[in-house]
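Undergrad:
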Amino acid sequence: MTKPTGLVQGTLDLLILKILALEPMHGWAVGQRIRQMSGDVLQVGQSALYPSLHKLEQNGWIASEWAASENNRKAKYYRLTRAGRRVLDREAAQWERLAGAITHIVRT
Amino acid sequence: MMRLLTIVYLRIRSLLRRSAVDDELAAELRDHVERQVAHDVAAGRDPVEARRAALATIGGLTQATEECRDMRGLHVLESILQDVRYAARQFRRAPLFAVTAIVLLMLGMWASISIFTFVNAALIQPLPYAQPSRLTAVFGRTAQFPRSNLSYLDYLDLKKQNEVFESFSAIQGGGAALTTAEGTERITAPRVTDDFFRTLGVVPMLGRDFSAGEDRPGAPATIILSYSAWITRFAGAADVLGRRMVLNGEPHVIVGVLPATFQFAPVEPAEVWRTLRGTNGCDRSRGCHNLTAIARLRAGISVDAAAAGLGVLARQLEQQFPETNRDQGIVVMPMTTALLANTEPLLATLLAGAALLLLIAAVNVASLLLVRSVGRRREFSVRTALGASATRVARQFVTEGLLLVIVATPLALVAVHFTTGALTSLMPPTALARFWYLQHARPSATVYLFACGVALGAALLFTALPLSQLPIRRSVQTADGGRGASGLAWRRLGSRLVAVELILATILLVGAGLLAKSLYRMLSADIGMQPERLALVQVTLPAAKYANPEQVAAFARQAIERSAALPGVQSAAVSSMVPLLGGNTVWIRIGGRPDNGEHNEVHYRQVSAGYLSTLGARLIRGRSFDEHDDASAPGVVIVNQALVRVYFPGEDPIGGRLFYARQLFSASPTSKPMDIIGIVDDVKESPLDRETPPTIYTAFAQDPTTGFAVIARAARNERALLPLLSAEIRRMDAGVVAYGARTMSDVIDQAPAAYTRRAAAWLAGGFAFAAWLLAVVGLYGVVAFSVGQRTREIGVRMALGAGRASVLGLVLSEAGWLAGLGTVLGLTVSIGAAMLMRGLLFEVQPWDLATLVWVACVLSASAMVASYFPARRAASVNPTEALRAE
């Protein structure tokens, strides 16, 4: 499990927000989903994942609650808040612009 | 909004329920690990190996936990709490230091906050009237008396013609004889115009104010009670309105009661407020000035504009009535200036003294902290080596200093609460009446604000000092315990601090010395009489019964005879005024000189034949009155030296003539002539710290008055005479009011000039003593500390052959140099400070040599004693032990 670089740390927030926009889930599931959806390219360790989750929660963009999971163990589930959805839209647009510009330069 | 609330809730939860939050995080991370293991096993990995891989990430767990905590954003707050707990533990381990520091701080803060409470009550808190900044006091002005009263007729004209005041009222202080079932007593009962309270913006809390026209002659006799009179005389009865009080033989109806907070300083303690109802001769004479005027400015008019406007009117009156109003100007000043002018310099000086004491206390505590920090340098080096950042170490200092301040401030405030009441109860009632605002001096919001400011300043001092000297970067090298350069740096700072303390202490000592000397000079100044063993009582004869001057003169004669006949009395006399308490003035014209219509205003007393001898005044030339100078004989008058200096320079006035008219205060040639028969050396007839004005003394038998004082000289115990005198007067006529029985020494002691000087000298002396103690202890501390640091060096010296005496000399000379520098600098600064205090000094120069020398000697001696003990300890060091010790 690699620790992401600084640039990807901020992007990790974006990924988490997007994942949680699809459906609420607990921390481990978020990490798994990112790995699945990126085709094993992005592997997020808990040393990066949980600090991000907590930061997002402290800023009020995601909310948490303890609930029973599928095997009846208690897990902390996160969901996206309204403010989080606004931030997601904003950051996603920002990322599109940024990535597009970089790709454009790299490709020439 | 919801987001904000959520954020706040989360932060608070992180702070307060920390362990629960931590447990939650740990549970979450454990859950993650379990799920990872389950996932790996399900994917076909060996369970044991999966578990091992998961456990290998435990390190990451710790880091994740730390980072999560960081993300919670409360790191700073938690570390501050940690600092505080650590500082508190340190103090618990060294309780003596902590207690000393807190007590010192408390002392300095208590002194400064107490004084500030009084300053606040006197100067900063507004007067208990509506919009007091728009109120002014209006006085008359002549060449001899820059602040005098106005006459009733002048007041009426000014009121009618002016355009600068929206309200203009007047008051005459004075008393009245109150007749009750128990007898007759005198109470303070000022007379006012009908709109007096309206001008001040004060509304009676019970009943009504005076109505328009209630101050005209012939109006019904109505009075308004003061709040304290209502409580003490009527027990706060709700039905007091409509009841009557008999004043000067006339029933007055009570129509109102004033609010409890109302005061009018110049006439306090007033019990009953009457209206003018101008019935006596003075009210009908334009030349008789008996009223003090107050006025409320119209919107948009300034004090200067009002003064200019009234000045124009005064000049018009001058032209209209040249006999009475010539050379008479008007003075308009803000009411606060009029009421407080005398006390501002005193309060300012006391505040400065308290501030200096606070500074010394703070510096002392700072040097204590400094000494402790030196002892803990090793600890700080270790902490830095273990990874503490420079800010973190510095913050530890800051926290300790702040903790001391935070503990000391509330304690000081509590002490102030208790002592303010005690201090006001120490003041004699006459002084309390004069400084009436001090009665209500109580810690208020402004005072708390000041206390916070003081605490902040102290905290800043405690943080700035150690921080400036903390060689953080070098602290690793100095783990050896203080030899070398940084040790010297600490010592230098300690010396500088003590030098500052010495300078401050010198200032306070010099100030106190000068004030004490002023007080002594004033009290031992020549007042022109022998005040010891004199008893006096004041008497008012009811005007109705004693309408004929002959009756008054006869009563006075009898009073003198019967008083002189009392056991233990050597002689007795009467005088129209009590000596030292100022008095009436009159205009005179000197016979044989051209009358240009100018007003020669002089003080004037009506005295009996034995007055000068009873008082022990010195007759320089001529003769005093005797029993032949009565109503049938030619008029005679005695003048004082001051009058001779002003009006007869280089001449002999005896045999000359003076003219005056008491009733009409006009100096027209038809007034009664009087022969000058004697010159008396100046008797202090007015406040102690002012020059004696020109005064004339007329014979009581020729010129009696219904209000006078009976003065008796006792052979031994004058205080025992007081009840005898009063009783004798009452035996002569029960309707006569005898009041104010006291000895001449009492009059002198309670005179405002003496009282304020005495209070100032005592307070300054207290501050100076505390400052001296602190400075000397500080010096001892620094020398002892320095010696402790230099044990090794001393050991080396002694091993190399230095004797005990030379080591002693070494330490003493260094201490002496420090003390000397501090004292010399302090004396220089003190002279400057004393110049600022000039107004309070009486016949003492700010650079008074005796005081400076005395202070220098005291400080040098105590400095030598303070440094002797550590010096002796240094000299008795065993060289081998010193070289071994680290």
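As given, the protein sequences belong to chains A and B, one line each in that order. If you count by the numbering used here, then the first sequence holds residues 1 to 108, one letter each, in order. If you count by the numbering used here, then the second sequence holds residues 1001 to 1886, one letter each, in order. Glycine is no exception: its CB is placed at the ideal position from the N, C-alpha and C atoms. Note that this is a predicted model, so its numbers are computed, not measured.
Any idea which residues DSSP pairs A1251 (chain B) with across the strands?
TA: A small correction: the amino acid at residue 1251 (chain B) is Pro; Ala does not occupy that position in the sequence shown. According to DSSP, which records beta bridges pairwise, P1251 (chain B) is partnered with B:V1246.
Undergrad: Just to confirm, is the Cβ distance from S1830 (chain B) to G1353 (chain B) under 8 Å?
TA: Contact: no.
Undergrad: What residues in its chain sit with their C-beta under 7 Å from that of E1250 (chain B), if we drop five residues either side in the sequence?
TA: For E1250 (chain B), where only same-chain residues beyond five positions count, the Cβ hits under 7 Å are A1221.
Undergrad: From the beta carbon of I1007 (chain B), is the nearest beta carbon of chain A less than 8 Å away?
TA: Chain A, which has a Cβ nearer than 8 Å to the Cβ of I1007 (chain B), makes this yes.
Undergrad: Quick test of your reading: S78 (chain A) and L53 (chain A), contact by CB under 8 Å. State the CB separation rounded to the nearest angstrom.
TA: Reading the sequence as shown, one finds Tyr at residue 78 (chain A) and not Ser. At roughly 6 Å, the Cβ-Cβ gap stays under 8 Å, so Y78 (chain A) and L53 (chain A) are in contact.
Undergrad: Are S1302 (chain B) and A1270 (chain B) close, meaning C-beta to C-beta below 8 Å?
TA: Going by C-beta atoms, S1302 (chain B) is not nearer than 8 Å to A1270 (chain B).
Undergrad: Please list the terminal residues of the continuous alpha helix (DSSP H) segment that includes N1364 (chain B).
TA: Run containing N1364 (chain B): E1344 to G1375, per the alpha helix (DSSP H) assignment.
Undergrad: Report the start-end ranges of each beta strand (DSSP E) in the stretch 1104 to 1154 of chain B that is 3 residues or longer and not cut off at the edges.
TA: Those beta strand (DSSP E) runs which fall completely within the stretch 1104 to 1154 of chain B and span 3+ residues are 1135 to 1141.
Undergrad: Beta carbons nearer than 7 Å to chain B: which residues of the stretch 74 to 94 of chain A have them?
TA: Hits within the stretch, in order: A75, K76 and A83.
Undergrad: Check whether chain A comes within 8 Å of E1078 (chain B), counting only Cβ atoms and requiring the distance to be less than that.
TA: No, no contact with chain A.
Undergrad: Classify Y1520 (chain B) as helix, strand or coil using the three-state DSSP reduction.
TA: In the structure shown, Y1520 (chain B) sits in a helix (DSSP, three-state: H, G or I).
Undergrad: Is it the case that the Cβ atoms of L1297 (chain B) and R1492 (chain B) are separated by a distance below 8 Å?
TA: No, the Cβ-Cβ distance between L1297 (chain B) and R1492 (chain B) is not below 8 Å.
Undergrad: If you draw a straight line from the alpha carbon of G1822 (chain B) to that of L1852 (chain B), how long is it in whole angstroms?
TA: Spanning the two alpha carbons is a distance of roughly 14 Å.
Undergrad: Can you list, in chain order, the stretches of the alpha helix (DSSP H) that have 4 or more residues and sit fully within the stretch 1724 to 1786 of chain B?
TA: Those alpha helix (DSSP H) runs which fall completely within the stretch 1724 to 1786 of chain B and span 4+ residues are 1744 to 1750.
Undergrad: Using CA atoms only, rank isn't needed, just tell me which of B:A1850, B:T1420, B:Y1697 and B:T1791 is closest to P1870 (chain B).
TA: Comparing Cα positions, the closest option is B:T1791.
Undergrad: Hey, how far is the Cα of V1539 (chain B) from the Cα of A1712 (chain B)?
TA: When rounded, the distance between both Cα atoms is 14 Å.
Undergrad: Take Q1477 (chain B) and list the residues in its own chain whose beta-carbon comes closer than 7 Å to its own, dropping the five residues that flank it on each side.
TA: The predicted position of Q1477 (chain B) is uncertain, since its pLDDT is 46 and thus under 50; a value taken from the coordinates is nonetheless stated next. The answer is none, since no qualifying residue turns up.
Undergrad: Per the DSSP calculation, F1234 (chain B) is bridged to which residue(s)?
TA: DSSP lists no partner for F1234 (chain B).
Undergrad: Exposed or buried, which one is H1039 (chain B) when buried takes at least 16 other CB atoms within 10 Å?
TA: Result: exposed.
Undergrad: Does the distance from the CB of L1580 (chain B) to the CB of A1819 (chain B) come in under 8 Å?
TA: Contact flag unset, no.
Undergrad: Does the count of Cβ pairs from the stretch 1155 to 1162 of chain B and the stretch 1353 to 1366 of chain B closer than 8 Å reach three?
TA: Too few Cβ pairs lie closer than 8 Å, so no.
Undergrad: Report buried or exposed for N71 (chain A), applying the criterion of at least 16 other Cβ atoms within 10 angstroms of its Cβ.
TA: Exposed is the call here.
Undergrad: The alpha helix (DSSP H) that contains K55 (chain A), what's its start and end?
TA: Note, K55 (chain A): alpha helix (DSSP H), Q46 to Q58.
Undergrad: So, helix, strand or coil for D1304 (chain B), using DSSP?
TA: Of the three classes helix, strand and coil, the one that applies to D1304 (chain B) here is helix, per DSSP.
Undergrad: Check distances from the C-beta atoms of the stretch 13 to 40 of chain A to those of chain B and list, in chain order, the residues that come in under 9 Å.
TA: Flagged, chain order: H26, G27, W28, A29, G31 and Q32.
Undergrad: What residue ranges within the stretch 1538 to 1608 of chain B form continuous beta strand (DSSP E) runs of no fewer than 3 residues, ordered along the chain?
TA: List check, beta strand (DSSP E) in window: 1569 to 1575, 1585 to 1590 and 1600 to 1607.
Undergrad: What would DSSP say about I1294 (chain B), mapped onto helix, strand or coil?
TA: Looking at I1294 (chain B) - three-state DSSP - the assignment turns out to be strand.
Undergrad: Closer than 8 Å by beta-carbon distance: list the chain B residues that pair up with Q43 (chain A), in chain order.
TA: Residues of chain B passing the Cβ test: none, with the nearest at roughly 12 Å.
Undergrad: Report the rounded CA-to-CA distance for G1201 (chain B) versus G1839 (chain B), giving the unit in angstroms.
TA: Spanning the two alpha carbons is a distance of roughly 34 Å.
Undergrad: What residues in its chain sit with their C-beta under 8 Å from that of K1672 (chain B), if we drop five residues either side in the sequence?
TA: Counting only Cβ-Cβ distances below 8 Å, and skipping sequence neighbours, we find G1635, F1659, Y1660 and A1661.
Undergrad: Name the chain B residues that come within less than 7 Å of G60 (chain A), Cβ to Cβ?
TA: Correct list: R1003, T1006 and I1007.
Undergrad: Report the option in B:A1754, B:A1451, B:V1021 and B:A1802 whose CA atom is closest to the CA atom of I1406 (chain B).
TA: Comparing Cα positions, the closest option is B:A1451.
Undergrad: A1734 (chain B): which of B:T1006, B:T1184 and B:D1031 sits nearest, CA to CA?
TA: A1734 (chain B) has its Cα closest to that of B:T1184, out of B:T1006, B:T1184 and B:D1031.
Undergrad: Cα-Cα, which of B:F1555, B:A1799 and B:R1593 is closest to V1710 (chain B)?
TA: Residue B:F1555 is the option with its Cα nearest to V1710 (chain B).
Undergrad: Kindly confirm or deny that the stretch 1739 to 1747 of chain B and the stretch 1322 to 1337 of chain B touch, where touching means at least three C-beta pairs closer than 8 Å.
TA: Counting Cβ pairs under 8 Å, fewer than three are found: no touch.
Undergrad: Count the other CB atoms, across all protein chains shown, that sit within 10 Å of the CB of R1797 (chain B); report buried if there are 16 or more and exposed otherwise.
TA: R1797 (chain B) is buried by the Cβ-count criterion.
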